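Residue numbers (this note's numbering), protein chains in the order written: chain A, 1 to 118; chain B, 1001 to 1118.
Every residue gets a Cβ at the ideal spot worked out from N, C-alpha and C, and that includes glycine.
What you are looking at is a predicted structure, and each value in this text was computed from that prediction instead of being measured.
Here is the structure we will look at, set down as structure tokens.
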DNA sequence: TTATTAAATGCGACTTAGTTGCATTTAATT
DNA sequence: AATTAAATGCAACTAAGTCGCATTTAATAA
């Protein structure tokens, strides 16, 4: 996967890809810093590289943190503006926007639990 | 509009609402700081207040800045990951997600111009 | 209209996610 | 095994957004 894109294969990169591959939702640096053996700078340099190589995608959440994920099938992510939780929405929404290339779809609002609280 | 929500009516708040009402795309503090007579802190305090009162919505873009807008009709915003431009998409996408309240929809990818360049 | 007071504002200091420069280490090739 | 360009760690830095506090202003009461 890494080599396919002409990137050199390092310990840190394998670790990062593995974490993202097995994650059930997008992850921020903060989410996984304790599981990472690499430095913060390396994390961000590699995520940038992987994004450029189109191995991963990312988005900014409500909490000012960037979340990274490996897109399996294009599906929207839901971000709760109250509890900041992130959820993969199962509905495969296939947008065809003429001329645009779509990398990610994010829907913001209140998740069912937070909506009940009001 | 401000008074309707039980907020007191100030110079700064009128200014802010007016700017957002007449904008054709979402705006960041950086976009309009030169047109604003209020301080940065006041801008952010008022946008937070307006969001809580559901007068405006916002999202984080690719450039680490937060963009604010007054939602007229729920439509997605497109963010180009190459040139960071933000565009309102005309297609009214009406999602009905059971149990969720939707505040904004953001689609990230390459805009037509940036896609041509590759 | 003026006096009162709670809320709004400006300013400067602060926070923190992410970035950068540079010295050191490591992966890929000869 | 030797070479070298690329990858990494560390520490210093950047910048969007936040916070505390003194001052000003909007809303209400007198």
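Query raised in the report: CA-CA distance, residue 1009 (chain B) and residue 1046 (chain B)?
Result: 11 Å
Query raised in the report: With C-beta atoms as the reference, is residue 5 (chain A) less than 7 Å away from residue 1110 (chain B)?
Result: no
**Report entry** Identity of the residues DSSP links to residue 68 (chain A) by a beta bridge
**Finding:** A:27 and A:58
Query raised in the report: Whose C-alpha, out of B:1034, B:1087 and B:1037, is nearest the C-alpha of residue 1067 (chain B)?
Result: Per the C-alpha coordinates, the member of B:1034, B:1087 and B:1037 positioned closest to residue 1067 (chain B) is B:1087.
Query raised in the report: Where does residue 1103 (chain B) land, buried or exposed, given buried means 16+ other C-beta within 10 angstroms?
Result: buried
Query raised in the report: CA-CA distance, residue 1060 (chain B) and residue 29 (chain A)?
Result: About 17 Å.
Query raised in the report: How about residue 1014 (chain B): is its C-beta nearer than 7 Å to some C-beta of chain A?
Result: no
Report task. Give the DSSP-derived three-state secondary structure of residue 1101 (chain B) in the structure shown. Result -> In this structure, residue 1101 (chain B) counts as strand in the three-state DSSP scheme.
Query raised in the report: Would residue 1112 (chain B) count as contacting chain A if we go by Cβ distances under 7 Å?
Result: yes
Requested in this report: Measure from the C-beta of residue 106 (chain A) to each C-beta in chain B and report whether the shortest distance is under 7 Å.
Outcome: yes
**Report entry** Cut-off 6 Å between Cβ atoms - residues of its own chain near residue 62 (chain A), not counting five sequence neighbours on either side
**Finding:** 79, 81 and 84
Query raised in the report: Any idea which residues DSSP pairs residue 1078 (chain B) with across the strands?
Result: Residue pairing from DSSP places residue 1078 (chain B) in a beta bridge opposite B:1087 and B:1107.
**Report entry** Sequence-distant residues of the same chain with beta carbon closer than 8 Å to residue 90 (chain A), five excluded per side
**Finding:** 75
Query raised in the report: Quick one: which chain A residues come within Cβ less than 9 Å of residue 1103 (chain B)?
Result: 81, 107, 108, 109 and 110
Query raised in the report: According to DSSP, is residue 10 (chain A) helix, strand or coil?
Result: DSSP places residue 10 (chain A) in coil when its eight states are reduced to three.
Report task. Excluding the 5 residues preceding and the 5 following residue 1042 (chain B) in the sequence, name in chain order all residues of the same chain whose CB lies nearer than 6 Å to its CB. Result -> 1012
**Report entry** Element boundaries [alpha helix (DSSP H), containing residue 5 (chain A)]
**Finding:** Where residue 5 (chain A) is concerned, there is no enclosing alpha helix (DSSP H), given that its DSSP letter is neither H nor E.
**Report entry** Three-way DSSP call (helix, strand, coil) for residue 1073 (chain B) in this model
**Finding:** coil
Query raised in the report: Can you tell me whether residue 3 (chain A) is buried or exposed, with buried defined as 16 or more other CB within 10 angstroms of its CB?
Result: exposed
Report task. Run down chain A in chain order and give the residues with a C-beta less than 8 Å from the C-beta of residue 1061 (chain B). Result -> Near residue 1061 (chain B) (Cβ distances below 8 Å), the residues of chain A are 60.
Query - chain A residues whose Cβ lies nearer than 9 Å to that of residue 1067 (chain B) - result: Per Cβ cutoff of 9 Å: no residues; residue 1067 (chain B) is ~11 Å from chain A at best.
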